[in-house]
Every structure is written in C-alpha cells, then in structure tokens.
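Asker:
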Amino acid sequence: RAQDTDLGTKTTSSFDYGTKSTNTTGNHTHQFGGYINSYWGDSNHTSFQPGGGAWTQAAGDHAHTVYIGGHEHTMYIGPHGHVVIVDADGNAETTVKNIAFNYIVRLA
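Numbering-wise (the working numbering), the sequence shown opens with residue 34 and increments by one.
Structural data, given as structure tokens:
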C-alpha cells in the first residue's frame, strides 16, 4: 500500500476553451396564466391570472453558442492512499534495456 498523503487543494492550469456550441435539442413550450383586461384597457398594460390559458411559442430544437474563455478549476483532493500491486513476473516490457536488465537480475 502506498503511504497515505494529504494533497490538500490543487488548481488546474488555466486554459481558454474559446467559443463552444451546445447540442441541438430543447423544443418545448410553457403554460402560463390567462389574460386579464388591464385597469388601463390598452395593449401597453397586459396582466395575467393564475391557471390555464396561454402558452409560450415553441422555439423548436435549437443550439446555443457560449463563450467559455480562459478559466481554471480548484478542487480539494484531501487525504487518501492507493493500493499498489506488483506482479511476481513484473510487467511485460520488451525493450532492449528491460530484456538486458531482466537477464542480469536472473543471473544474480
């Protein structure tokens, strides 16, 4: 087992993601209250009452473009440990360096 350690709080490096688009979805409407005649009786003063009556216009499936820009993230990692397992045969590395090293170790 690797020794437990407290890594505390770490911050990623800053990266500018620029402008990204969302996926295309979201066709929906919302229901809101019914119309009530306003006190003034003109189109500049529209009121609504609770209950069924009016619906918003559907926007259809659509996407949004959002500027994400340069930013970083900070996260608390905290105290923890890791379990390390070393196989008896080691790893299956076949570089010239490792083959020679394994040969020397077996001679010893």
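Glycine residues also receive a C-beta, built at the ideal position from the N, C-alpha and C atoms. Computed from a predicted structure; not experimentally measured.
Ignore the nearest five residues each way along the sequence and tell me which others in Thr55's own chain have a CB closer than 6 Å to its CB.
Answerer: On the sequence shown, position 22 is the one that residue 55 refers to. Taken in chain order, the residues that qualify are Ala96 and His97.
Asker: To the nearest angstrom, how far is it from the Cα of Ser46 to the Cα of Glu105?
Answerer: Locating residue 46 in the sequence shown gives position 13, counting from the first residue. Locating residue 105 in the sequence shown gives position 72, counting from the first residue. Cα-Cα distance, rounded: 6 Å.
Asker: Strictly by DSSP, which residues pair up with Gln64?
Answerer: On the sequence shown, residue 64 is found 31 positions in, with the first residue counted as 1. The partner list for Gln64 (beta bridge, DSSP) reads Trp88.
Asker: Do you know how far the Cα of Gln64 is from the Cα of Gln90?
Answerer: Reading the sequence shown from its first residue, position 57 is the one you call residue 90. Reading the sequence shown from its first residue, position 31 is the one you call residue 64. One C-alpha to the other measures close to 10 Å.
Asker: Could you spell out where the beta strand (DSSP E) holding Thr42 opens and where it closes?
Answerer: Residue mapping note: residue 42 aligns to position 9 of the sequence shown, counting from 1. From DSSP, the beta strand (DSSP E) with Thr42 extends over Thr42 to Thr44.
Asker: Taking 8 Å as the cut-off, decide whether the C-beta atoms of Tyr100 and Thr42 are in contact.
Answerer: Counting from one through the sequence shown, the residue named residue 100 turns up at place 67. Counting from one through the sequence shown, the residue named residue 42 turns up at place 9. No, these two residues do not count as a Cβ contact at 8 Å.
Asker: In this structure, how does DSSP classify Tyr136 when only helix, strand and coil are distinguished?
Answerer: Here residue 136 corresponds to residue number 103 of the sequence shown, with the count starting at 1. Tyr136: helix per DSSP, three-state reduction.
Asker: Rounded to the nearest angstrom, what separates Ile110 and Gln36 at their Cα positions?
Answerer: As a working note, residue 110 is residue 77 in the sequence shown. As a working note, residue 36 is residue 3 in the sequence shown. Straight-line Cα distance between these residues: approximately 15 Å.
Asker: What residue does the beta strand (DSSP E) around Phe98 start on, and which one ends it?
Answerer: Numbered from 1 along the sequence shown, position 65 holds the residue referred to as residue 98. The sequence given here places Thr at residue 98; Phe does not occur at that position. From DSSP, the beta strand (DSSP E) with Thr98 extends over Thr98 to Tyr100.
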